[in-house]
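Here is the structure we will look at.
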Amino acid sequence: MKKNSNSIPDSRSDSAELPIRLYRAISDVVRHLDDQRARTERVFDLFSESIETQRIKLRDYSERLMFTDPVGYGRKTEELLWRKGFYEIVATVKRLMKNVKMEPSETFLVQCHLQSGIGFYHHIIMKLQSYYRLDLRGIVDFPLFVTDRGLKKDKAWWTSKPIESSALEWANQALHRCLIYLGDLNRYLSDLQSSYDHNFAQRYYAQALNWKPECGMPHNQLGTLVGNQNYGLDAAYYYMRCLCCAQKFEGAEGNLQHLLENNAHCLEELRNAHNQEALTTVKRLIITFIHLAYCMFYDKNYAQVNQLGGEVFTYLGTFIIEKDKTIITLVDKSPCAEPTVLNDDMLFKMIIIIIMCVQQLKLKASSHAMGGVAICLSLMSQLVQYAVNRLEVVLKPRVAPPADRDIKQRRRRKRRGTFSNASDLSEDENDSVYSLDSDISEEDLIFDQCHDSDEEPLTNGLTADHCVNGFNGTNDMYMLSKSRDCSDPSQPWNHPIIANDKAFQHIHKICIEGYIFQSIKICCDWIDSNPIFLKCCGATSVTLVERFVGFLNHLTVVPSLATLKDHFDEEIISENILCTTPLTEDVAVRGLSSLQLTQSKLNWDYLRTKTLKPYEETYSRICYLIKFGINLAQSKASALAYDDSKRWFTAESQVQQKNGLINSISHSDNNKAGGRVEKLMHDMGELWLRSEVSQLEDKTRKGMKDSLPPYLVPDPDAFLNHPSLIKQLISAKKFIVLIPSVVVSALDECKQSSSRVRDTIRWLEWQLRNGRRNMRLQRANEHQAIPFIKYPKKKDKEAWMFLQVVECCNYLCNQSTGEKNPELVTLLTGSKTLLSNQNGTGFSHLGVAKSAGINVEHIETFFSKWKSSSKSHG
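Note that the numbering used here has the sequence shown beginning at 780, numbered continuously upward.
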């Protein structure tokens, strides 16, 4: 009988030969599958008995090979199995049914195939946990628990199976990819059948991010999954998250560019439409915001940012700032491509997008970074004001606590009174008792709170039982907290003071209904990681601090941990644990470098074995925000002050602004919505102006004449022939000297033959190491081609090098102010033959520079002109 070509030797075969034979068998199966798939004309042909048999062999051989030789064949086998066993089948089905509706029987076959793939990858993940002892508690929904129970002392089931570090690394990577495969399979199912819950796919991508938050591919898959949800805002958020990860997925760049181009086209259509939609529509807000993010993220068309920012904040003002302080946004947790309500989820994604844009501007060392910071702080200011409006729907506006003498008098009245007249105290007085009076008894506190709860039931029927069953999180935030009964009396949120506190219950209600508090916390993390932002952005900081003070004073009404420790004997959880346990919003933004400093302080291992209850998250969030405010006041980074004895925050009424450009702005509680929007726009516009003025100061410096440009770009001849003149120009600190990359290459080539060049290189290295502000190297993106000219070949070295310098100058002329400005840049050459066009090659260096609008001068001529100008101003 003829032996089957695909037969595989058993375990007794030579271990060195087994991986090779397995891989050959897999190659044969793949070849058969490709041939049969190429001949398919119907969906049924993809699931014939012969093809299914080959797929079963492919799975079996691949699994054996991956665990037999994970280092040599693991990654390659994974890719083959996924591509040939699952992905290409789905792609073929889409091709066959491009313009044809699938029959129910065909749909059933594809669904069965995808479901079998889900089961297979679940099996692989369980096997990875077993073989490599991976602890996936808190990572996946199906962790494998392995114990040594029943074994002798100092014995374990794996002691005879040492694991190589390279094999363990493959297992970690393979687990991550298997979770992504599971997400993809569930995404295919949701595409195939609209009733299939797309949250399954989202959940697997979230688990992949929990395992490796530095990998960006799950974010890209999430962007593909959400499609055009929220007018493309969600997709833009996920693609940008992918590109901001340490390990980017290359395909996300093209996906984001395609989305942004379509959005720009939609914005143009909206602006050119004769019957324009109302300015208050969510569509106009989101589309304008995405285009603003596009300009900031890629640092281009920055001249439009001021206008786009003004439009965005005008639209936002109509949604989240209302004079009657009514709740005008609702949380719609169901996915919607074209929502009609601006919800908290959109606001959360908008603030994270702006933070990512600022992060990108900082990475590029862009001069527009502070403008992005101004926009981010302005958005945070609106969010804080919106939170205050939401709080004051139920809570009274906070007033400054009374003086110490009034407190003592009120305490004496309290001691003379009885429990029967406890309800006669005003609500403000009750609030002050909780935070200030440490002399009253535990029974007084409990009685007052319970009495107050009976007199004033919670708004909208919210009770303690409702709070217990509260926040389940969102799929966007990657943590689905399970509601459970809070029955442990040793926890602070179950004590009567907390459970019956009206302020805490209302804050908790806001937290479980939306993400406005979560968004504010992330903004605080951002400021905590970048404290310089508040110091540099005076106008927005004043407005933000004033609003933040009102926000924090609402939070200080909630009883503190110190109050609980004074009145209860049970062990109370520490503030350090509360403030270092990651919350839902922390998991959502994990991996962003802008928040790295703050997130490094969190105890991420806590989530591996425990989960926070809804009450715990809310109380932890309150404690963190108050602690942030206290630290901000102590750091003197802003005009914020805190009185610990009264638990009261205050802001200075006036703040001196640098250069006298911006006056302090006062706000009253009865401002109309239009007035608030106008002042907010005024703040942002003035801060933007300040940023632009600061840039011009850096470029022009004091005493500069218009004829002297702020940017000097020397060519290789200038550095090789006149290094002393360049050193003097740099030392004068009157210009920004940008050194092209081609100059560095030329110096490097000549260092072997010239001691003077070596000295110049050492001097340059020293200057760059010590961070001279008026000298820097050309960045990789700082070049722009010259149109309508014929480029020389690289073998014409002199001409080619000169063109590299001209391209650098052309970029500066176009990017410095957003439009062509040749007066900002001068190309300094050290070759006199270049200016006279006597090079004998037929290539006109000066002509090329003039065609691009670049000013070219010999370095000696320019130096003389500058010297004479300096003397005339001396």
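We put the beta carbon where it would ideally sit given N, CA and C, even for glycine.
Exposed unless 16 or more other CB atoms sit within 10 angstroms - verdict on residue i
{"i": "V1336", "result": "buried"}
{"i": "A1631", "result": "buried"}
{"i": "C1592", "result": "buried"}
{"i": "N1332", "result": "buried"}
{"i": "V879", "result": "exposed"}
{"i": "T856", "result": "buried"}
{"i": "E1292", "result": "buried"}
{"i": "N1355", "result": "exposed"}
{"i": "D813", "result": "exposed"}
{"i": "E756", "result": "Here the chain covers residues 780 to 1653 and nothing more, so residue 756 does not appear."}
{"i": "L1556", "result": "exposed"}
Pairwise C-alpha distance: residue j and residue i
{"i": "H901", "j": "D963", "result": "13 angstroms"}
{"i": "Q1378", "j": "D1365", "result": "8 angstroms"}
{"i": "L1411", "j": "S1510", "result": "38 angstroms"}
{"i": "V1321", "j": "V1137", "result": "20 angstroms"}
{"i": "N1007", "j": "L1071", "result": "18 angstroms"}
{"i": "N1382", "j": "G1002", "result": "28 angstroms"}
{"i": "N1560", "j": "A1025", "result": "20 angstroms"}
{"i": "E820", "j": "L875", "result": "7 angstroms"}
{"i": "S973", "j": "N965", "result": "12 angstroms"}
{"i": "V1091", "j": "Q1161", "result": "12 angstroms"}
{"i": "W1545", "j": "D1538", "result": "11 angstroms"}
{"i": "S1502", "j": "D1527", "result": "Note that residue 1502 is Pro in the sequence shown here, rather than Ser. So the alpha carbons of these two residues sit roughly 14 angstroms apart."}
{"i": "D1422", "j": "L1603", "result": "51 angstroms"}
{"i": "I1130", "j": "K1175", "result": "28 angstroms"}
{"i": "H1562", "j": "S1339", "result": "57 angstroms"}
{"i": "M1665", "j": "Y1010", "result": "The chain is shown only over 780 to 1653; residue 1665 falls outside these bounds and no answer can be derived."}
{"i": "N1041", "j": "K1079", "result": "17 angstroms"}
{"i": "M905", "j": "L954", "result": "10 angstroms"}
{"i": "F846", "j": "Y1385", "result": "31 angstroms"}
Three-way DSSP call (helix, strand, coil) for residue i in this model
{"i": "E1639", "result": "helix"}
{"i": "A1430", "result": "strand"}
{"i": "D1575", "result": "coil"}
{"i": "D1422", "result": "strand"}
{"i": "C1290", "result": "helix"}
{"i": "E1221", "result": "Its pLDDT being 33, under 50, E1221 is placed unreliably in this model, and the coordinates cannot settle the point."}
{"i": "L1174", "result": "coil"}
{"i": "C994", "result": "strand"}
{"i": "L1215", "result": "Any answer about L1215 is weak, because its pLDDT of 31 lies below 50 and its placement is not dependable; what the coordinates show is given next. Reduced to three states, the DSSP call for L1215 is helix."}
{"i": "M905", "result": "helix"}
{"i": "L1607", "result": "strand"}
{"i": "N1042", "result": "helix"}
{"i": "V1152", "result": "helix"}
{"i": "L923", "result": "coil"}
{"i": "I1633", "result": "coil"}
{"i": "Y1490", "result": "strand"}
{"i": "R1369", "result": "coil"}
{"i": "I835", "result": "helix"}
{"i": "V1516", "result": "strand"}
Own chain, CB closer than 6 angstroms to residue i, minus 5 neighbours either side, in chain order
{"i": "R1387", "result": "R916, G917"}
{"i": "I1515", "result": "P1489, Y1490, N1553"}
{"i": "L1170", "result": "H1333"}
{"i": "A1500", "result": "It should be pointed out that residue 1500 corresponds to Asn in this sequence rather than to Ala. So the list reads G1609, once near-sequence residues are dropped."}
{"i": "T1640", "result": "none"}
{"i": "L1613", "result": "H1624"}
Nonlocal neighbours in the same chain, by C-beta distance under 7 angstroms from residue i, ignoring five residues either side
{"i": "T1397", "result": "I1286, H1287, C1290"}
{"i": "L971", "result": "T886, V889, Q890"}
{"i": "L1046", "result": "I1066, T1067, H1070"}
{"i": "A1564", "result": "E1586"}
Residue i at chain B interface by Cβ criterion, 8 angstroms
{"i": "R1551", "result": "In summary, chain B is missing from the structure at hand, where a single protein chain is found."}
Contact test: residue i Cβ vs the ligand PLP heavy atom, cutoff 7 angstroms
{"i": "I1405", "result": "As for the ligand PLP, it is missing from this structure, which has no ligand bound."}
Nearest-angstrom Cβ-Cβ length linking residue i and residue j, presumed shorter than 8 angstroms
{"i": "L1391", "j": "T1360", "result": "6 angstroms"}
{"i": "V1492", "j": "C1402", "result": "About 54 angstroms separates the two Cβ atoms, so there is no contact after all."}
{"i": "Y1094", "j": "L1064", "result": "4 angstroms"}
{"i": "V1163", "j": "L1323", "result": "7 angstroms"}
{"i": "I897", "j": "Y840", "result": "Actually they are not in contact, since the Cβ atoms of I897 and Y840 sit about 20 angstroms apart, beyond 8 angstroms."}
{"i": "L1654", "j": "R816", "result": "The question about residue 1654 has no answer, for the chain in this structure spans 780 to 1653."}
8 angstroms CB neighbourhood of residue i in its chain, flanking five on each side removed
{"i": "Q986", "result": "I918, V919, D920, L958"}
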